[in-house]
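Written below as structure tokens is the structure these notes are about.
Residue numbers (the numbering used here): 9 to 489.
This is the structure we're talking about:
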């Protein structure tokens, strides 16, 4: 079977259904994991006698480890085998999930979450890279990536509801044990549907260990800093120290990658028009989407007084468009082309955020329209920008390219929440979590939300503008060759 898969690529999604089922299960794990666990945090806190900080790290430890290690594992996969690294990560995922049954305190659960974050860093970038490499035609690549992301988004959408139903009849450990059958499905699909790694397709340069350490440390610090800003405020020394360390780490990483003979991340490849523009569009979408989600959640519950269940329903326009919009991605891309689809969809995300900034305080209908517009743009850019990045890279760099896409999204998501939280903290007097705001506090909140949304809109628009320029330069260069 592997010989046949290596000899020719599938000519349709149906021919590759076994592989796509396995890769979809990988992405389902990433999207389902935190969404299904969040609903159980109060229960976990009571049963494990966990502090607020410990509960935060139950989800935070996974995200930080996941984001921090993606580049390093992407580089390893391109050298030692994408399929091999993914299967190893899936085995680790299954074992770590099984360990949940034996957890007795918050510290042990955090350790399990760290292992699951490592497993996610080993598997998630590979799902996109292997889907891209499975097909030769760009339209099949777009359709395959759309299918995989749709499965993941369905998991994201049903996660909280499914988690709540499970908690009504079963202990919270079941929410993590569900990863065991998902990992098993993924292992079967990847082993049966994807050919073993061809040594000729692998990247044989020595691994840049120092670059991996610097890159991982920089990303971890960049992911921790936003949480510190939101939790401790701008008056604390801790978030500023961590931010300064992240900047210093980034500078050291860039200098290392420019000077070493075998860099972890070849910056010349990142500078290629398709790669840099795709990363800019993904970053803009991550920044805008995270900021909008954070601000809308606070507005519905704190400003308008909606209970959590109603606020969750208030986010349904975004969920519906994200899930149902998958059917429109391929026709839209065929109509306008990959490059144009990337910048148009990224611009739609920015436009939706601007719409919310200017009109969101006037009523829910405007909030719903903003959520739908952002979701429509995100649905397309999430697929197309990623495909463009991988199209712009050599075949033996696709996994680290996918890891770079996910890392950019993780970091900008944290930055969007941090920026919005910092502006709210600076402009709102008193405790934002208290009920019965004064008229002055309500006015302060609405002003802060508008300013935060406009700041994020400007930053995301700048990224889209830069990405558009880079994309145009790439098309001009192609036209002259």
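Built from N, CA and C at the ideal position, the CB exists for glycine as well. Just so it is clear, the structure is predicted and the values come from calculations on it, not from any experiment.
Buried or exposed, going by whether 16 or more other CB atoms sit within 10 Å of the CB of residue i?
i           : result
residue 491 : Given a span of 9 to 489 for the chain in the structure shown, any question on residue 491 remains unanswerable.
residue 261 : buried
residue 270 : exposed
residue 110 : exposed
residue 227 : buried
residue 290 : buried
residue 127 : buried
residue 243 : exposed
residue 418 : buried
residue 420 : buried
residue 347 : buried
residue 285 : buried
residue 18  : buried
residue 206 : exposed
residue 65  : buried
residue 409 : buried
residue 14  : For residue 14, the predicted model reports a pLDDT of 44, less than 50, meaning its position is unreliable and no value from the coordinates is stated.
Can you tell me whether residue i is helix, strand or coil according to DSSP?
i           : result
residue 247 : helix
residue 38  : helix
residue 242 : coil
residue 477 : helix
residue 2   : An answer regarding residue 2 cannot be provided, because it is not within the stretch 9 to 489 covered by the chain.
residue 112 : coil
residue 325 : helix
residue 311 : helix
residue 166 : helix
residue 15  : Its pLDDT being 44, under 50, residue 15 is placed unreliably in this model, and the coordinates cannot settle the point.
residue 288 : helix
residue 10  : Annotation note: pLDDT 41 at residue 10 (below 50); position unreliable, no value reported.
residue 338 : helix
residue 348 : helix
residue 24  : helix
residue 280 : coil
residue 31  : helix
My assumption, with CB atoms under 8 Å, is that residue i sits in contact with residue j. Please give the rounded CB distance.
i           : j           : result
residue 203 : residue 229 : With a Cβ gap of about 38 Å, residue 203 and residue 229 do not count as contacting.
residue 231 : residue 75  : 5 Å
residue 350 : residue 392 : 5 Å
residue 31  : residue 139 : 5 Å
residue 424 : residue 398 : With 8 Å as the limit, residue 424 and residue 398 do not qualify as a contact, their Cβ atoms being about 24 Å apart.
residue 86  : residue 407 : 5 Å
Does the distance between the C-beta of residue i and the nearest non-hydrogen atom of the ligand SAM fall short of 6 Å?
i           : result
residue 426 : Within the structure as shown, the ligand SAM is missing, as the structure has no ligands at all.
* Asked: Fully enclosed by the region 373 to 436, which alpha helix (DSSP H) runs are 4 residues long or longer?
  -> Within the region 373 to 436, complete alpha helix (DSSP H) segments of at least 4 residues are found at 406 to 435, given in chain order.
* Where are the beta strand (DSSP E) runs, 3 residues long or more, that stay fully inside the region 49 to 91, in chain order? -> Listed in chain order, there is nothing to give.
* Continuous alpha helix (DSSP H) assignments of at least 4 residues falling wholly in the region 172 to 245 -> Runs found: 182 to 185, 187 to 201, 217 to 240.
* Three CB pairs or more closer than 8 Å across the region 184 to 194 and the region 52 to 63 -> Verdict: no, contact absent.
* **Cβ contact check for the region 193 to 208 and the region 23 to 40: 3 or more pairs under 8 Å** => Here the region 193 to 208 makes contact with the region 23 to 40; the two share three or more CB pairs at distances below 8 Å.
* Does the region 327 to 342 come close enough to the region 361 to 371 to have 3 or more Cβ pairs within less than 8 Å? -> No: fewer than three Cβ pairs fall under 8 Å.
* **beta strand (DSSP E) segments (min. 3 residues) lying fully within the region 119 to 162** => Secondary structure remark: continuous beta strand (DSSP E) runs of at least 3 residues inside the region 119 to 162: none found.
* With contact counted as at least three CB pairs below 8 Å, one residue from each stretch, are the region 176 to 186 and the region 80 to 94 in contact? -> These segments do not touch.
* Are the region 207 to 218 and the region 111 to 123 touching, with three or more C-beta to C-beta distances below 8 Å? -> No: fewer than three Cβ pairs fall under 8 Å.
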